[in-house]
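Numbering (the working numbering), first residue to last: 1 to 484.
Here it is in structure tokens:
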């Protein structure tokens, strides 16, 4: 065993002689492109607290985000037309830069680019036969320390300042060593909302389509027939994994259970966040003669906020938190918007645990938006056992953005509209709850929904929890009336 371990160490050294513009996940190599406009820097202990003020007069760059301010790690954006090295030299005259960490891009088939930003951390799962002594030996060899580890034998490792290797190199090296099941940088990768539907009941065609708005009769989710059986049970918890949910007149006073945020917190939305509030209304807005109706009005809501700057390991921990705190259903109206799909082993591992270990070993129902790409189903909707949800319009046609992919399991009522951040709404015709104040409406002085801004009427996209048509039964069957 000792000889084998020495051979593995030798292989690790050899692998570091090659360029490292890729990472490993899903047992495959995923190529990255080094960014010319972003870079991560670590500032010395004595200068880290004055860094942001010290560079205010440098017009070539600004701090994009504080990644690990307690360790002096910042993500810089270098403005177009400026050279990274020249800009770093200007900064170095004011504060001491200990090291730089490359930032990366990945292009999807639509020509969009997504950011992969890392600090000094990577996330590893060692094989069961690897001892703690062997882990400590490898870490000492490469200037790595353990930040923390969880009950699933997954480690967050940190590259020390005196290590000659960067985060990406070491994540790849550990993967190639055969010591690990998976190993990848603790990226901050782009996550994109996949938008949704719900409404003031006469307008809620997705619940009851009578041909309103030019729709086709009965192209809906059959909610009225379902309500004859149940409107959900207060014993069931639906985790809305999104950008946060807060109180609303259409949520019961005891309907929300304690939540969680990936970077620490209780799941509350940030100042600019509003997507999770609309999702929650679709799931379980009360049948209380006020506003809109949700599909399962008696179900409790757990707000899990991952749109707070969470890294991929924090997203994985948020998913684990949802099912370990008792969520029966995990609703995910988001994904990583790349075709072909990227893969993050740590996020997949957390989802798989929810599917198999949730509900005291019975397994949770995990639903993901299939994506807004118009082509491929995006990760994590591609994880085995997940229900991938596409979208149809009120005339029973595929929504323009929904994936044309056999991996779509079910479709949900939606429309051709995708909210693009402006007030120029055209085809949107879905109503749901909105944050008040601070939501989607009013926008540009106009109200899209009610006159108070408590409800929004112009949403659409491939997400939803219980709004499923032709549901395929997967790893667990969920009875919203009696599930425990």
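By construction, the Cβ of each residue, glycine as well, lies at the ideal position given by its N, Cα and C atoms.
Taking C-beta separations shorter than 8 angstroms and ignoring five residues to either side along the sequence, the partners of residue 67 in its chain run 40, 73, 74, 75, 117, 119, 188, following chain order. Under DSSP, residue 180 forms a beta bridge with 126.
If you draw a straight line from the Cα of residue 399 to the Cα of residue 411, it comes to about 10 angstroms.
In this structure residue 224 is exposed. Its beta-carbon is surrounded by fewer than 16 other beta-carbon atoms within 10 angstroms. With a cutoff of 8 angstroms on beta-carbon distance, residue 388 and residue 409 are scored as near each other. Within the same chain, and ignoring the five residues on either side of residue 395 in sequence, the residues whose Cβ sits closer than 8 angstroms to its Cβ are 214, 215, 216, 219. The Cβ neighbour count for residue 393, taken over all protein chains shown within 10 Å, is at least 16; the residue is labelled buried. Judged by DSSP in its simplified three-state form, residue 192 adopts strand. Put simply, the stretch 145-156 does not touch the stretch 263-281. Fewer than three CB pairs are less than 8 angstroms apart. With fewer than three CB-CB distances shorter than 8 angstroms, the stretch 349-365 does not count as touching the stretch 262-273.
The continuous beta strand (DSSP E) containing residue 303 extends over residues 300-305. Annotation note: the stretch 4-90 contains the following uninterrupted beta strand (DSSP E) runs of length 3 or greater, listed N- to C-terminal: 22-25, 28-31, 33-43, 61-68, 73-78. Sixteen is the threshold: when 16 or more other Cβ atoms of the shown chains lie within 10 Å of the Cβ of residue 301, as they do, the residue is buried.
CA-CA distance, residue 314 to residue 90, rounds to 34 angstroms. If you look at residue 261, you'll find it in the beta strand (DSSP E) that goes 256-261. For residue 229, there is no enclosing alpha helix (DSSP H), since its DSSP letter is neither H nor E.
The beta-carbon separation of residue 126 and residue 157, rounded to 10 angstroms, does not stay under the 8 angstroms limit for a contact.
Contact between residue 186 and residue 207 does not hold, since their C-beta atoms are separated by about 41 angstroms, which reaches or exceeds 8 angstroms. Annotation note: the stretch 336-393 contains the following uninterrupted beta strand (DSSP E) runs of length 3 or greater, listed N- to C-terminal: 365-369, 387-392. In the three-state DSSP reduction, residue 296 falls in the coil class, being neither helix nor strand.
The residues 126, in chain order, have a CB closer than 7 angstroms to that of residue 135 in the same chain once the five nearest residues on each side in sequence are set aside. By the criterion of a C-beta distance shorter than 6 angstroms, residue 386 is surrounded in its chain by 366, 368, once the five residues flanking it on both sides are discounted. Exclusion of the five residues before and after residue 310 leaves 262, 263, 318 as the residues of its chain whose Cβ lies within less than 7 angstroms of its Cβ.
Counting the other Cβ atoms within 10 Å of the Cβ of residue 371 gives 16 or more, which makes it buried.
In the DSSP secondary-structure assignment, residue 410 is bridged to 389. Here DSSP, grouped into helix, strand and coil, assigns residue 99 to strand. Within the same chain, and ignoring the five residues on either side of residue 355 in sequence, the residues whose Cβ sits closer than 6 angstroms to its Cβ are 363, 366, 385, 475. Counting only residues of its own chain and dropping the five nearest sequence neighbours on each side, residue 25 has a CB closer than 6 angstroms to the CB of 184, 343, 344, 345. DSSP, reduced to helix, strand and coil, places residue 455 within a strand of the structure shown. The Cβ atoms of residue 241 and residue 312 do not sit closer than 8 angstroms to each other.
Between residue 375 and residue 405, the alpha-carbon positions lie close to 7 angstroms from each other.
The distance from the Cβ of residue 44 to that of residue 96 is about 4 angstroms, consistent with a contact at the 8 angstroms cut-off. Residue 140 has its alpha-carbon roughly 46 angstroms from the corresponding atom of residue 246. For residue 246, the secondary structure class from DSSP, reduced to helix, strand or coil, is coil. Taking a C-beta distance under 8 angstroms as the contact criterion, residue 114 and residue 455 do not qualify as a contact pair. In the three-state reduction of the DSSP assignment, residue 207 falls in the coil class.
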